[in-house]
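First residue of the sequence shown? That's 84 in this note's numbering, and the numbers climb one at a time after it. Encoded as structure tokens, the structure appears first; notes follow it.
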Amino acid sequence: MSTGFERRVSKLRNKVLGGNTELQKLRERGRELDIPRATQMGEEKLRATIAEKEKQLAEQEE
């Protein structure tokens with residue numbers, strides 16, 4: 084069983100090594116779509132915002 088300290092170390096290690104590449108890809112996509120503060124959003128909110136923005140863009144193209 085891991086201690087709280089080990090969990091924190093693991094979390095920081097992942098952060099330093101780039102850990103969550105899925106979230107990084109979402110943030111990159113957010114930047115492409117000019118979503119303000121995309122780098123500070125959580126994963127769920129960012130997914131929803133990107134989906135909304137892409138839907139708006141698709142409607143504009145029609």
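Positions of the beta carbon are idealized from the N, C-alpha and C atoms, including for glycine. The structure presented is a predicted model; accordingly, all values stated were derived computationally and were not measured.
Length of the line joining the Cα atoms of residue i and residue j
i    : j    : result
K108 : F88  : 29 Å
E145 : T104 : 33 Å
Nearest residue (CA-CA) to residue i, options the options
i    : options        : result
L106 : R96, V99, G125 : G125
R110 : V99, I133, R96 : I133
Cβ-Cβ separation, residue j to residue i (assumed contact under 8 Å), whole Å
i    : j    : result
L129 : A141 : Contact doesn't hold; Cβ gap of about 19 Å is too wide.
### Query
At a cut of 8 Å, does the segment 107–119 reach the segment 86–98 through at least three beta carbon pairs?
The segment 107–119 vs the segment 86–98: no contact.
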